[in-house]
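Trainee: The structure that follows is given in the form of structure tokens.
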Amino acid sequence: MDAYALIIAGGVGARFWPRSREHSPKQLLEIIGKGTMIQNTVYRLDPIVPRDRILIITNAHQAEEVRRQLPQIPAENIIIEPFGRNTAPAIGLGAEVLRKRVGDAVMVVLPADHLVHDIAAFQETLQNAISVATESRGFVTVGVTPTRPETGYGYIQFHKNDEHRSYEKENAYKVVTFAEKPNLETAQRFLESGDFAWNSGMFIWRVSTILNGIAEHLPELADELGRLGEHIDTEKFDDALERAYGEMRPISIDYGVMEKADDRYVIPADFGWNDLGSWDEVARIFPKNDDGNASGDNTFLRDVKNCHVSASGDRYVAAIGVEDLIIIDTDDAVLVCRKGRSQDVKDVVDHFRKKGLSQYL
19 MDAYALIIAG GVGARFWPRS REHSPKQLLE IIGKGTMIQN TVYRLDPIVP
69 RDRILIITNA HQAEEVRRQL PQIPAENIII EPFGRNTAPA IGLGAEVLRK
119 RVGDAVMVVL PADHLVHDIA AFQETLQNAI SVATESRGFV TVGVTPTRPE
169 TGYGYIQFHK NDEHRSYEKE NAYKVVTFAE KPNLETAQRF LESGDFAWNS
219 GMFIWRVSTI LNGIAEHLPE LADELGRLGE HIDTEKFDDA LERAYGEMRP
269 ISIDYGVMEK ADDRYVIPAD FGWNDLGSWD EVARIFPKND DGNASGDNTF
319 LRDVKNCHVS ASGDRYVAAI GVEDLIIIDT DDAVLVCRKG RSQDVKDVVD
369 HFRKKGLSQY L
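Going by the working numbering, the first residue of the sequence shown is number 19, and it counts up by one from there.
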């Protein structure tokens, strides 16, 4: 069975302000290494999913830049949401497009803004997940083997015993439950138990499987998708999509379907994954000098320890006698944040939005 991919690329990356903006969010930036996040997401799929079988869900602010960065993706495969409705409507829309165009197929759902170091291990895991999804007709997700008691990720508990490993060759286990982001004590317990994986937000299933799951657990969404289906690839699609999205309530695929569904599988794996959810995550994995500092060009540091300093444009950034800071300079804004507090950067973006300061969004 042919595999298709749906890349979710509509987020604004608010926790990556001031570099991430509405028109150039995190997934469209080079954060670490060569290539933007979305380009690398597509490149990782190359041996598994041809470019003409990749769909991208984005929004009107970002569509032009997505097309520019990924000219090899057919124009009709870039789907523009009229506004955000979280992951269940986005995934449902992608599934309905595939149902209309190709019938039943295996559908790989990936976020556009994750980092993967071991590409070969990632591709092997994805191939295994496609095999399980094809054979089982179940809901398959990729779990990441935890390396620390992380409080910023959701978790997936699975049956650890081999007798519950339904697909031994593919290393797939039956899911017990999904767990929300824990406190530190609970995260430590999850780590020590050995039967929890980080929830990567990557899903693999047949198109029919996810549409049936939406019909069972989110019937109102299924009704809207069904009405929308007849307009896909017609001149009426944009108007029909805006009307349908106006009726859809925002809900995640985890909460709406995965937490309630039967026949769920997880493949725990380790391929150097990071969701780069904040500047703290970037600072944690960035190469550092003997003082624990990570800095690029156009920076001057003296008596500075454990700082992440990034300058962009023509300006210099100088820091003297400080510790444990994240400093991000852009053409029109500067962020100075203590390490461990970068999740709060989203509050800055919320402040600008409330004040109508759209030039900083």
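The C-beta atom is built at its ideal place from N, Cα and C for all residues, glycine as well.
(1) Considering just the uninterrupted stretch of the beta strand (DSSP E) at S149, what are its terminal residues?
(2) Between S218 and V150, is the Cβ-Cβ spacing less than 8 Å?
(3) Among residues of its own chain, excluding the 5 on either side of I96, which ones have a beta-carbon nearer than 7 Å to its beta-carbon?
(4) Could you check what DSSP says for R245 in three-state terms: helix, strand or coil?
(5) Helix, strand or coil: which one does DSSP assign to V126?
(6) Output the boundary residues of the beta strand (DSSP E) element that contains N230.
(7) Within its chain, find whatever has a CB closer than 6 Å to the CB of C355; leave out the 5 residues flanking it on each side and keep chain order.
(8) Under three-state DSSP, which class holds R176?
(9) Tell whether a beta-carbon distance below 8 Å holds between K364 and A147.
(10) Would R62 and Q141 be called neighbours here (beta carbons separated by less than 8 Å)?
(11) How is the alpha helix (DSSP H) around R85 delimited, first residue to last?
(12) What's the C-alpha gap between R39 and Y378?
(13) For R71, collect the residues of the same chain with a Cβ closer than 6 Å to its Cβ; drop the 5 residues on either side in sequence, then sort them by chain order.
(14) Once the 5 residues before and after I460 are set aside, which same chain residues still bring their CB inside 6 Å of it?
(15) Could you tell me which whole alpha helix (DSSP H) segments of length 4 or greater appear in the segment 296-335?
(16) Taking the C-alpha atoms as reference points, what is the distance between L144 and E186?
(17) Need the endpoints of the beta strand (DSSP E) that K192 sits in, please.
(18) With distances taken from CA atoms, which of H79, Q57, T105, A106 is nearest P89?
(19) Using the Cα positions of W223 and R69, report the straight-line distance between them to the nearest angstrom.
(20) Under the rule that 16 or more other beta-carbon atoms within 10 Å means buried, what is R267, buried or exposed?
(21) Assuming the contact rule is C-beta atoms closer than 8 Å, H235 and G274 should be a hit. Round their C-beta distance to whole Å, please.
(22) May I ask which residues mark the beginning and end of the alpha helix (DSSP H) holding G161?
(23) Between which two residues does the alpha helix (DSSP H) carrying L353 extend?
(24) How many Å lie between I26 and D321 at the Cα?
(25) Mind checking who R282 pairs with in its DSSP beta bridge?
(26) Out of L133, V193, N230, which one is the CA nearest neighbour of K178?
(27) Sorted by chain position, which residues of the same chain lie with C-beta nearer than 6 Å to L133's C-beta, five sequence neighbours on each side aside?
(28) Let's test the definition: count the other Cβ atoms within 10 Å of the Cβ of R282 and tell me whether it reaches 16, buried, or not, exposed.
(29) Taking DSSP's pairing of strands, which residues face D347 in a bridge?
(30) In terms of residue numbering, what span does the alpha helix (DSSP H) encompassing E210 cover?
(31) Verify whether the separation of the beta carbon atoms of T159 and F221 is less than 8 Å.
(32) So who's on the other strand from V134, going by DSSP bridges?
Mentor: If we stick to the structure as given:
(1) Taken as a continuous stretch (DSSP letters only), S149 belongs to no beta strand (DSSP E), being part of the alpha helix (DSSP H) at 137-154.
(2) no
(3) I74, T76, A81, V84, R85
(4) helix
(5) strand
(6) It is not in any beta strand (DSSP E) - N230 instead sits in the alpha helix (DSSP H) that spans 225-235.
(7) I344
(8) The displayed chain sequence assigns Phe, not Arg, to residue 176. Of the three classes helix, strand and coil, the one that applies to F176 here is strand, per DSSP.
(9) no
(10) yes
(11) 78-87
(12) 8 Å
(13) Y22
(14) The chain is shown from 19 up to 379; residue 460 falls before or after that span and cannot be answered.
(15) 297-303
(16) 15 Å
(17) 191-197
(18) Q57
(19) 19 Å
(20) exposed
(21) 6 Å
(22) From DSSP, G161 is part of no alpha helix (DSSP H) but of the beta strand (DSSP E) over 157-162.
(23) Element bounds for L353: not the alpha helix (DSSP H) but the beta strand (DSSP E), 352-356.
(24) 42 Å
(25) F157
(26) V193
(27) N292, L294
(28) buried
(29) V352
(30) 202-211
(31) yes
(32) W291
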